[in-house]
Structure formats: structure tokens, C-alpha cells
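Trainee: To start, I am sharing the structure in question, which I have written as C-alpha cells.
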Amino acid sequence: MKKFALISFFVALCLECVAVVPHSVKAAKGWLFYESGAVSAPVVCRVETEVPSSAAGHIVLENGDSYINLKFGKVKAERHVLTLQAVQDNRHEDKLVVSLFDNGQMVGEPFSCRKPSGSWKINVSGKVSPLSLNVFVPDPNHEIVVPKLDFSEKADKFIDDLMGRMTLNEKIGQLSQYVGSSLMTGPESQQFSDSLVRRDMMGSVLNATGSKALRQIQEKYMTESRLKIPLLFGMDVIHGYRTLTPVPLAEACSWDMEAIEASAKMAAVEASAAGVHWTFAPMVDIGRDARWGRVVEGAGEDPFLCSKIAAARVNGFQWNLWDNDAVIACAKHWIGYGLPQAGRDYAPVDMSERTLYDVYLPPFKAASNAGVLTYMSAFHDLNGIPASGDQEMLRKFLQNEWGFDGFVVSDWQSVIQLIAQGVAEDGKDAAQIAFNAGVDMDMIDGLYNAHLHELVDEGLVRESDIDDACRRILRVKYSLGFFEDPYKFFDEEREEKTLLNDEFISSARKLACKSMVLLRNENQLLPLSKNTGSIALIGPLADNRHEINGSWRCRAEDSDAVTVLAGLRNKLGDNVVINYAKGCDFDGEDRSGFDAAVDAALKSDVVIAVVGEKALFSGESRSRCHLGLPGVQEELVERLVATGKPVVAVLMNGRPLCIENLNNTVPAILEAWFPGTTTGDAVADVLFGDYNPSGRLAITFPRAEGQIPAYYNYKRSGRPGDMERSSTVRHIDVPNAPLYPFGYGLGYTSFSYGKPFTDKESYTRRDTVNVYVDVTNTGARDGEETVQVYVSDLVASVVRPVMELKGFAKVYLRAGETRRVKVSIDPLSLGFYNADMDYVVEDGLFDIHVGHDSADYDTTRIKIEN
Ligand code: BGC
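So for the sequence shown, the working numbering puts the first residue at 457; every next one is plus one.
This is the structure we're talking about:
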């Protein structure tokens, strides 16, 4: 665990004159109770001491030659708690911010001091004889990070000076974003006009691309605006810019953090070469409902895996920030957007605070820990509060509690939509609500430009908040080096050389292979032999260039994409006869192509049916109720199976499908998702064994829509599900188990597991739990296994999930090879939000399940105490 990744050392807190009498310990949000009466703790901590009434005194915080003396006056309250909080200074790596709280109220202002080089000494003295001392450390979901922004004195001075010359309107202009297409073609529109440019009323432009076009826009702004503050160009670069990698859900199934980070980096290098500064990615919403079309844009259902992937993607996009070949990332959609009612995109979300904290927030926090510079506020309402008007979650939580220093952009018109949501009377009201909530930049509504000035005049919006929002945006621009060179991203020659280069295509192909999940392979039908005489290639996706790219295709061109037909031809040359027939379309009732498909099957040795969804059957506002294969595709496959020929189904889709029938009839099923530019080559690599499939499901495949939401880490219940017994948690018509569980995936070899064990039986919350298991490749081919480690908290103060993923390791084993695999777990990550909504790791027994997936594992047990 990287809880203290940025804190390179631990120092001791030495305590004098402490008599410890424990009292009920309650950690503030974001802090975890560490120990009572401690003499050592990490320096970034919170120390709480209870003092008797009518005492007065001081606390001395000593560090070598410097010390801080914190005085407190005569204590009157019966229970009086003094708290010292030392946290990493977000802006300076070598400093801490120290605050003193007196009965929960901050005393004075927080102050900055040098990070200690030796040990700290807390000396509680005077007439005070403390009754207890408790030490808290940041909980793993609230790691403190140093963001990537420039907080140097030079930067502050520059921004102060610039803002000193800006009018209120010009500051508001920085908070406004417009669509680039109208800008590029020039017509005056309601929102964008040349006069806005001349009045400096624009901070950012979205969805315009290409070095040449963006240079023109920047030049226009730099020539015609008064202050010449360069524009920030944003775009949805979701799974590649020109070279498309698999859709995000597919990438997540690789469980390969290096590859995922590399993919985001590749997208960043291409997009930035085309002039883009900022991508609206990653989407880090948890996806537990396959009806919701946007599961395709996320990393699946699990908070642990999604958090790892969120960090990998942010690190990839922002890999070389401040040069000109990376892009700013944007974690979206803040917050709780992934669970709309009935799976319908944009619908209201009702979710408990506990689920929000335990499940939906961690990936956002992981993005923050990785230094993400922007967040996007969502369209929906969370428990009745519109996400783009939620002051608690945006200003108080994100900015104040998490100390987020970047800026928040609204989603497309999510400010004006506050009217339709029924919380704002008109545009002015909407602007007031969103801005006061903490939405710094208004995406495309123009409402900030139209109303914020007036709202300031009326005292409904504070000018200091506008300064703060403007400063946040200017700091990003400053840190990007725009004020030195507003054109540093626009280099047409670089763009030409960078896009779709051979290296990118080869990486995209490897990742496409890693992302595919082999769901079924009866009698080892796969891999197919390259000496197969003839193949029938059937289905609406078999020779389709357009759909295989998936949704959010950015600037990819259909002509770039390799179809499955082309991929098979590339792989097999003239050795194998390919009998292609489309068979049917994606939707509709037309069965007129069935006969030709059956004929093709009958004259071939094996059938490959490439079936699934159109790209835009998933994605934004593409929710579905029926999750079977659309149209008559399933019927087509049944006709192919009826020929008696061996049939391989290759699925392409942006969400889990309900394919129980297919599973019962087709011997081999490969879930390929939408693999992107190199689709056909990657599918051929896997089908013909040049790549041994290693993908594992990042999302559960339900048997039937009625099982939704279907996810492996559901909570325990008093009458656990049992198909054989009535009055248990179950449906009477469909078993509880999904068709394919989270973590599931086959390959062309097999692995066996020894009994898992840990290095100790009992751990404190400060120890690392090392889990070991011997894994053997028992098949005839080399291959990669993903060893998964799940944990169950056996008795807790609130109802907990049956199990939760807490670690995994990918291991490549040669045929016959055995390797001992180690997965380490930080016990602090075994916590949860208790009845008081404090993050706690409770003492007790925990089962550690180690295995191939969330339904196939062996178990060992540990104890956590102290
Ligand atoms: C989507 C966002 C996207 C934005 C800008 C919205 O409709 O919800 O995810 O980033 O448009 O294109």
C-alpha cells in the first residue's frame, strides 16, 4: 500500500508526562484511529489529548532547533480535547501544515513549518496532566498528496500581478468554456462571439482539435483579447486519440496497470501532438448496473481495482505534465453518477452515505492521490442534491477536506440543467447555485458570463470565490507554461509524425489481446490451428470497420481499423479459405442472410461468429433493458450451431450481456469488447494462439437482467441466498450466482493453487499482511495468471460485504512451472465507515481468500488486534 508514498520517512513522536486512560475514540473523516497512548506514529498525523477542566497550559512541538509553542487558555468544559494536526503541505514537499483544534474548533490559522529532520517531541506541560492521548493517521482512502501544480513564489507573484490587472468580467471569463466548432467556423452564435474574445470572456474551448486549427484559435485569442491569457483546449480523449486502444472497460479486464498507464500515456502523446491540453478522462464511476451504457467508459464494479486503474490512467495522461506531450486529466463524474435508477443515464441516484464512502468515492480519491488536476461535476442528483450544485460535496468535501487545488468543470450544460432539475428558477439562479457549490468552470452554458457579475453586485456570490476559481484556472495555465509560450502544443510536423505510428499500433494490439476474456472453451476448441482448411466468418461485426472502435472514437478514422476479416487474412494468408457472410444486422428482424451464413458454415471446417452490439448501443445515454444479443443474432448463432460445425463466438459489446443461451449452446466464447484500431489482428492473435488469453472480468456477467445490480461484493444478509431453501435471499426462477463472476477468465493453459498462507496469524494495524500461495501452470502452454486476494471481515459493527478484493498479482508461468506468489495487504485498507461514519479498522478475524476469481478460491484466516 502506498499510504505514505510521499512521506519518505517516519519519525517518532515522543511524549512526556502522559497517563493513558482510554476513552471512546472517534476519528474525524479522513483520519483513522491509530493507537492510544502511543510513543510513535508517522509524522503526518493527528494527536489528540484530553485535558482536565479548569486547566491551562501549552503544548510544545519540538523539532531539533525549532519548536512550536501552542498555548491554550483556562479550560472550562468538562471534556476538553486538544488536537494537533500535522499534514503534508500540499504546496511544498518539504513542509507540513500544523493546526491546533480546541474541542474541535480550530484555534487561529494553520501554519506551515519545516518537515522534521529528526524526531518530534510533544511536550504537554504546565498544570496539565493529560488523561489520554490518541494518535490518528490519514486513512488510506485519504492519502495526502503533493499536486503537480506550480506553487512557487514566482508563480504566485505572476498570478497575483495578472489578477491585479483583470476586471471582474475578465476573471469570470476564465471560468467559461465554449465549444470549438462554432469558434472555428466563425459564425456568431448565442454563446460564442468575437465580442466575447475581444472582452476576454473565455477561459477554455472544448472539442476542437488539430494543431493547425487550435493554433488559429489561440492566435485569434492572443491577438484580439485585451489580456492575452491563452486558452485551454479540452477534449474527450477516452481510449486513444487517433490510435484507438480497447474501450476502458476492456482495458480494465487486463488487470495490467503498466499497460493501462502506457495506453493513457499514448493517448496523451497523440492528443497533445494534435494541440489538446486536457482530456475529460478518466471516468472513474463504479459500474454495478450493466443496463447503464456508461459502464463501457469505466473500469468495472470493484472499488479496489477501479482505484488502481484510476491512478494508472491519471499517471498515464499526466505523465510528463508541463512539457508538451502530456495532457491534464479530469476525474469524472463527481459524484455517485454510476448508479442511476433503473440504469437510465442521467437519472437520479439514491445511495447511502456509507455506500458512497466505501464504494463510490475511493476511485476518485485514488485519482486525487495521483494528482489529477480537474474534476467534472455530474448531471444527476445524489440523494436529492444536484451533483453540480452540491456545496457539501464540492466546496466543503473536495476542496476543503481533500485539499484539492485544481479546478472543477461542470458537465455539458449541467449548470443550466439545474432549472430542469427543479432547483433553479432561471439561468441566473442556476449560475449562483453551481458557482457557490464549487463548480469553477461552466462548460458551454455561458451562464457564468451572463450572471456572475450581477450576482456579485447583489451580494449573492462572493468576489473572493471568483478570485479563487480564477486563480485555480490560471495556476493550471501557468504551470503548463502557457504564459511563456501559448503555442507550445501546436506543432503540425510533430502531429504528423506522432499519430498512428507503428509503435502505437503495436502497443494497442498487445493491449487489445490482454483485454479479451475467454469465457468458455469446451474441449479446447480454441486455439484454432493455422492449418485449418476453411473458416466460415459470420456476423455483423465480422467485416465492420466502424463499430469495432467503440464509442468515444475521438479522431480515429474508420479506414485505420483492421476488421476481423482483414485480421484473419493478415494472419493466415492464402493458406486458409475464409467463407464470409454477414448473416444479419445488429438489430431488426431481417433473417434473409441466414441461409448464406449457413451455407458458408456447411462448407467450412469451423465457424467464427462475430456478434454483439453496435458501438453506440453503449456509452452516454445508451442504456438498455434487454441485455441479450440484439436483434436476431442469437437465432443466427443457433442456426450455425445446428449445422454441427464447431462454432466460436467472438463477442463485441460495451457492457456485460445476458448470454446464458449462448453459453449453453456454443462451445467457445471470446469476449473481445471493442478492441479499437487493431481489432482484427488482435482477435486473430488470440483465436490462433499467438496470444494466450489472460483477461479477467472487471465486471460481473449476470444470467438475467433481473439479477441487476449484479456484483460480487454484495453485503451479507440474515438469510443468505440458497437456491435449495425458501425464505432466503434469492429469486425462485434464476440462481443467485451470475453467469460469469467478477475476476473470471480462462486461457489456453490451466493453473493450480496450493493452500494460501500468511506470514503471521495475528497482526496489528501497523503490520503488512503478506499473503503467499504456490501457483503451478499445469497445462501445456506458457501463460499468465492473475492471483486474486479477497478479504472478509467476519464480525464487524456494521453489515459488511461478503468479500472484497484487496490485492492481486499477475504472474507469467512457463508450462509446468510453479512459483510462490506474494500479495501484500495494508491492514489499514481493511477498514470501513462505521455507524458514526468514521473510518475504522476493527479488531477481529478476517478470512483471506486467494484464487483464480471471486468464486474460485481457497481460504486462510488472520486476526487483527490493536
Ligand atoms: C459527458 C461527459 C463529457 C462531456 C464533454 C458530456 O455529455 O457526460 O462525460 O466529458 O459531455 O464532451
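Even for Gly, the Cβ is constructed at its ideal location relative to N, Cα and C. Remember, it's a predicted structure, so these values are computed and weren't measured experimentally.
In whole angstroms, what separates the C-alpha of K1216 from that of I1318?
Mentor: 8 Å
Trainee: For the ligand BGC, is there a heavy atom less than 7 Å away from the beta-carbon of M832?
Mentor: yes
Trainee: Is E951 buried or exposed, if buried means 16 or more other CB atoms sit within 10 Å of its CB?
Mentor: Per the 10 Å Cβ criterion, buried.
Trainee: Would DSSP call F863 helix, strand or coil?
Mentor: Strand at F863.
Trainee: How about D867: is its Cβ closer than 7 Å to a heavy atom in the ligand BGC?
Mentor: yes
Trainee: Please report the straight-line C-alpha distance between M897 and E726, rounded to a whole angstrom.
Mentor: 25 Å
Trainee: In terms of alpha-carbon separation, which member of V1258, Y1209, F1198 and V1277 lies closest to N1226?
Mentor: V1277
Trainee: Could you check whether G1136 and G1023 sit closer than 8 Å to each other, using their CB atoms as the reference points?
Mentor: yes
Trainee: Give me the DSSP bridge partner(s) of N1226.
Mentor: S1280
Trainee: Considering only heavy atoms of the ligand BGC, does any lie closer than 7 Å to the CB of D692?
Mentor: yes
Trainee: Can you look up T1330 in the DSSP assignment and give me helix, strand or coil?
Mentor: Past the edges of the chain, shown from 457 to 1322, lies residue 1330, and the structure says nothing about it.
Trainee: Who does F592 pair with in a DSSP beta bridge?
Mentor: Note: F592 sits in a beta bridge opposite F489 and R502.
Trainee: Alpha carbon to alpha carbon, how far is D650 from E644? Give it in angstroms, no decimals.
Mentor: With a pLDDT of 47 at E644, under the threshold of 50, the predicted position of this residue should be treated as unreliable, and no value is reported.
Trainee: Let's test the definition: count the other Cβ atoms within 10 Å of the Cβ of L1367 and tell me whether it reaches 16, buried, or not, exposed.
Mentor: A question about residue 1367 goes unanswered here, because the residues of the chain that appear run from 457 up to 1322.
Trainee: Given a cut-off of 8 Å on the beta-carbon distance, is the pair N1109 and T1220 in contact?
Mentor: The beta carbons of N1109 and T1220 sit no closer together than 8 Å.
Trainee: If you draw a straight line from the C-alpha of T1133 to the C-alpha of A1017, how long is it?
Mentor: 4 Å
Trainee: Measure the C-alpha to C-alpha separation of Q1040 and V703 and round it to an integer number of angstroms.
Mentor: Note that residue 1040 is Cys in the sequence shown here, rather than Gln. The straight-line gap from Cα to Cα measures roughly 24 Å.
Trainee: Within its chain, find whatever has a CB closer than 8 Å to the CB of H909; leave out the 5 residues flanking it on each side and keep chain order.
Mentor: L624, N625 and I628
Trainee: Should H836 be counted as a contact of the ligand BGC given a C-beta to heavy atom distance under 7 Å?
Mentor: no
Trainee: Please classify S1310: is it buried, with 16 or more other beta-carbons within 10 angstroms of its beta-carbon, or exposed?
Mentor: buried
Trainee: Hey, is H789 close to the ligand BGC, as in C-beta under 7 Å from one of its heavy atoms?
Mentor: yes
Trainee: Are the Cβ atoms of G743 and G756 separated by less than 8 Å?
Mentor: yes
Trainee: P1149 to I841, Cα distance in whole Å?
Mentor: Computed Cα separation, rounded: 44 Å.
Trainee: Which of the three DSSP states is assigned to T811 in this structure?
Mentor: Here T811 sits in helix by DSSP.
Trainee: Rounding to the nearest angstrom, what Cα-Cα distance links F1121 and G799 in this structure?
Mentor: Strictly speaking, residue 1121 in this sequence is Thr, with Phe absent from that position. Straight-line Cα distance between these residues: approximately 29 Å.
Trainee: Between E1087 and G1044, how many whole angstroms is the CB-CB distance? I'm expecting something under 8 Å.
Mentor: According to the sequence displayed, residue 1087 carries Gly and not Glu. Confirmed, about 6 Å.
Trainee: May I have the straight-line CA-CA distance separating S1285 from V752, to the nearest angstrom?
Mentor: 27 Å
Trainee: Quick check on the burial criterion: 16 or more other C-beta atoms within 10 angstroms. Buried or exposed for V815?
Mentor: buried
Trainee: Could you check the C-alpha separation between A1160 and A1166 for me, to the nearest Å?
Mentor: Cα to Cα, A1160 sits roughly 10 Å from A1166.
Trainee: Report the option in G792, G1199, L854 and D1146 whose CA atom is closest to the CA atom of S710.
Mentor: G1199
Trainee: Measuring only from the beta carbon, is L538 closer than 7 Å to any heavy atom that is part of the ligand BGC?
Mentor: no
Trainee: What number of angstroms, rounded off, separates the C-alpha of E1180 from the C-alpha of F1302?
Mentor: 28 Å
Trainee: Please find out if some non-hydrogen atom of the ligand BGC comes closer than 7 Å to the beta-carbon of L688.
Mentor: no
Trainee: Apart from the five residues on each side of it in sequence, which residues of its chain come closer than 7 Å, Cβ to Cβ, to N1117?
Mentor: Shown here for N1117: same chain residues with a beta carbon closer than 7 Å to its own, the five before and five after excluded, namely E1090 in chain order.
Trainee: Spatial neighbours of K1266 within its chain, please: C-beta separation below 7 Å, excluding the five flanking residues on both sides.
Mentor: W711, D712, E1240 and T1242
Trainee: Which of helix, strand or coil does DSSP assign to K1171?
Mentor: Strand.
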